[in-house]
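As structure tokens, this is what we get:
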């Protein structure tokens, strides 16, 4: 019985702290991944970086002055995470911006710009890390943007504009967190239940606050896109 | 540095200020990143709790004692990160399964509890990540991003990437100033007072900031054309000194980490 | 009736700064005055306005509206913002909506006014600031002077008794400046209090009836423009000696 | 020796605007002068500077440096930029690097100077603009006045004979303004030509030796400050009548 109370209060503590957690809950911290997994995720993400960079270079070769715009686009993506995002539960957090970025700049450009932003977050505010950059870039600069882009492209015209944008942004946010949970589960399987149990575990820890935040980010992105359309 | 308010700007500026004003500011970024990265790799590869703890002590020591960054700043940054780290590690310590473990709580068909093998593992991951994070903090708090971008240029990172990074580092501060002005203006007009008004306020800024980012880039282009911009961003390199003592400290760190591995 | 806005030994230091931006400032801003706050950059002018508007919270001391200290609870701030409006330096960074109408209505809607009342408030503020003919224009297509007046209207639509303005006229041409000053004159005629933090010494000298001089976070003087501008020690805090023959 | 910068019947209309920003403007900017360009917003001051700096290309008419018309080829513009430098209004829109040192070095390197020469040019321009002690400071930590002087240094490092400045002093406090004016004085003492487009009438009156008044895209007058400020018709183009008693 003692244990039960211990666990319940522990659970409550987790919830409370997670409600007030920093903006970058989805960043895997430096040192959190074993070396092989860190390398593995770099290997996964590097092809995306190469193709994305080639696209970028083609754009800039065409119009050299566009590098200024790219600089500002990366800065915009970085600064976007300083916006306030209210959660349904009353606390507030910050948007990931992966969905909006993919809709505005396309998934290939985002794979490079998003990775620059992640590198900057590691080097400017020590969020995330250098050895975990591959893993973080895969979830936030590749999977999130691609999910958003495919929904945006696939459903445009079939669903109302707002619904398409909402789904793109909310699911980009959610898919990023699913991938992060998977990355953590693979690196740290549960001693009893293995990878599956571990995935459920990391998943539920995040899910409680992540689903409301994904909904909020979806709504925020719809409002931003509406405002941009009238500009 | 709690969540909620736009604290990202505060954190960015505080860290940036020390990066530009610490005693190791003019030391070659290659030297500082070399030591930070080697420490991170050793923590990962040697992978023992004691190694992580010793690395943490070393890094806090050289940040505060050698680079002369106030100890309370060093500790504050590291504490914020360790709170976050503890939460991630809880995920490892707690196990979920269809069978009860030693101390477990039933939740539907699942049992949530601690497994005897999980606690040491959690401790190991925590100390490893703490050592790595402290080493990253050393790099971040002693080395401004301009220097790291310059280092990437020396390491033959493609010029286009280096230029985009250089421009966006500057643009981040320009846009962040604008964002904070807008947040203040909105707050003075009762923005952010409810769930809806927070969403609305943020959305207005998000879209406006996008337009401003575009306009700023156009204005900058015009100004740079006046200074001979033809597509390439040419700048003079920065000059650095090499600090012999830092190499010596680096060697001491590595030796002590190896020793820690054999002792434990 | 309006109550005075009082600072009692208020200090504020920004995170990461070794010296306080304001240090034990005590002063009273009485209703119905035209006040200019002078002092060089970094003297604490903007910090004073941000504290008075409840955006920053004093780390020491107290700010009172009438006899009651400002409460920083949600409802307390809501109450304060009905009374104290703040216009910041760069209009480009205050207009965050796509259209002028939308921007001016931001405050009234947040106050919880009904759509009809909000509409009335927008029209009233727009008329006051001479921007009635701009209401359906996009904000990015406005001139500098128009943007400045729209920013002013956005705050005035909340009908504050105190209007705090940071550098209202900087970067504007003489005609745009003139139009802004006319808005301040109208407000003063309505008995509202206007507090301007400014580098525009001609404006301070001829428009204000009270001048507050700040120096390195402290109040160096409070007095009529005639007295302050005649005092040689204070003139050193307002402009470099080489500029004195400029006769602002 | 430097040659004059001459406008011969130059017109320019921005795309989407019905009226031209400049219409058949002819004037000559002679070496070694201190020139102020006055006129209300929209009169064409900035367009004039952008054309003179070769950033805009006249749609009609011709701009000459000495006897040769400006060539808009790559090498022609390179030649022009050794002679004519332009500083724009907002320093935040001109500084692209977080390192002051790197930012100032951009222009000289684009001119094709060797690293050693460029290094010398940076130090020289920094000394001229009093920013030598800021070279290893980050751009974003500078005050408004410091940023303005760094932006100036970035252009002066290219050692132009003509320096064109759009609203050099707007938004600065009196001390920062003073420091900028000192840089202009040093340039004038070196025999360089400084052209300021400005709303700062005190500056125009006391600093300039020649005033150009623009009105709706045309040159309304060119003359000494004494003559221009004494002329009632021209005063109408410089400031609203209510401001005349301000005695700038």
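Chains as they are written, first to last, in my numbering: chain A, 22 to 252; chain B, 432 to 695; chain C, 29 to 276; chain D, 29 to 276. Virtual Cβ for every residue (Gly too), placed ideally from N, Cα, C. None of the values given here were measured: they were computed from a predicted structure.
What are the boundary residues of the beta strand (DSSP E) that includes residue i?
i	result
residue 52(C)	50 to 57
residue 510(B)	Where residue 510(B) is concerned, there is no enclosing beta strand (DSSP E), although the alpha helix (DSSP H) it sits in stretches over 502 to 524.
residue 35(C)	33 to 40
residue 246(D)	246 to 251
residue 66(C)	62 to 66
residue 225(C)	221 to 225
Contact criterion: CB-CB distance below 8 angstroms. Does residue i meet it with respect to chain A?
i	result
residue 671(B)	no
residue 453(B)	no
residue 573(B)	no
residue 494(B)	no
residue 729(B)	Residue 729(B) lies beyond the range of chain B shown here (432 to 695); nothing can be said about it.
Tell me which residues share the same chain as residue i and place their Cβ nearer than 7 angstroms to its Cβ, disregarding the 5 neighbours each side in the sequence.
i	result
residue 138(A)	95, 98, 99
residue 29(C)	Model confidence at residue 29(C) stands at a pLDDT of 49, short of 50, so the residue's coordinates are unreliable and nothing is read from them.
residue 60(C)	219, 221
residue 74(D)	194, 225
residue 44(A)	No answer about residue 44(A) holds up, because its pLDDT of 44 lies below 50 and its placement is not dependable.
residue 679(B)	none
residue 166(C)	126, 127
Does any residue of chain B have a CB that is nearer than 8 angstroms to the CB of residue i?
i	result
residue 40(C)	no
residue 213(A)	yes
residue 150(D)	yes
residue 103(D)	no
Look at the alpha carbon of residue i and the alpha carbon of residue j, and state the distance between them as a whole number of angstroms.
i	j	result
residue 208(C)	residue 151(D)	43 angstroms
residue 170(C)	residue 650(B)	17 angstroms
residue 63(A)	residue 156(A)	7 angstroms
residue 511(B)	residue 654(B)	41 angstroms
residue 266(C)	residue 68(C)	7 angstroms
residue 518(B)	residue 227(A)	11 angstroms
residue 200(C)	residue 227(D)	8 angstroms
residue 556(B)	residue 460(B)	28 angstroms
residue 684(B)	residue 504(B)	22 angstroms
residue 66(C)	residue 444(B)	28 angstroms
residue 147(C)	residue 161(C)	15 angstroms
residue 158(C)	residue 174(C)	9 angstroms
residue 69(A)	residue 165(A)	13 angstroms
residue 450(B)	residue 458(B)	11 angstroms
residue 272(C)	residue 595(B)	46 angstroms
residue 644(B)	residue 63(D)	34 angstroms
Chain C beta carbons: is any one of them nearer than 8 angstroms to that of residue i?
i	result
residue 441(B)	yes
residue 482(B)	no
residue 244(D)	no
If you follow the alpha helix (DSSP H) that residue i is in, where does it begin and where does it stop?
i	result
residue 93(D)	It is not in any alpha helix (DSSP H) - residue 93(D) instead sits in the beta strand (DSSP E) that spans 88 to 93.
residue 656(B)	626 to 656
residue 262(C)	260 to 266
Among residues of its own chain, excluding the 5 on either side of residue i, which ones have a beta-carbon nearer than 6 angstroms to its beta-carbon?
i	result
residue 81(A)	87, 88
residue 42(A)	Unreliable positioning characterises residue 42(A) in this predicted model, as indicated by a pLDDT of 45, which lies under 50. The coordinate reading is nonetheless provided below. Taken in chain order, the list of residues that qualify is empty.
Compare the C-beta of residue i against all C-beta atoms of chain D and say whether one is closer than 8 angstroms.
i	result
residue 204(C)	yes
residue 69(C)	yes
residue 644(B)	no
residue 660(B)	yes
residue 262(C)	no
residue 198(C)	yes
residue 647(B)	yes
Taking 8 angstroms as the limit between beta carbons, can you name the residues of its chain near residue i, skipping five residues before and five after?
i	result
residue 482(B)	473, 474, 558, 559, 562, 688, 691, 692, 695
residue 154(A)	63, 136, 139, 140, 143
residue 568(B)	490, 494, 505, 508, 509, 512
For residue i, return the contacting residues in chain E, with the cut-off set at a CB-CB distance below 9 angstroms.
i	result
residue 46(C)	The chain labelled as chain E is not found among the protein chains of the depicted structure, namely A, B, C and D.
**Prompt:** Along the chain, which unbroken stretches of the beta strand (DSSP E) at least 3 residues long are found entirely within the region 131 to 212 of chain C?
**Reply:** 190 to 194
**Message:** Quick check for students: name the residue ranges of the alpha helix (DSSP H) that lie wholly in the region 61 to 132 of chain A, counting only runs of 4 or more.
**Reply:** DSSP runs (the alpha helix (DSSP H)) wholly in the region 61 to 132 of chain A: 87 to 101, 119 to 126.
**Message:** Restricting to runs no shorter than 4 residues, where is the alpha helix (DSSP H) found entirely within the region 156 to 203 of chain A?
**Reply:** 165 to 176
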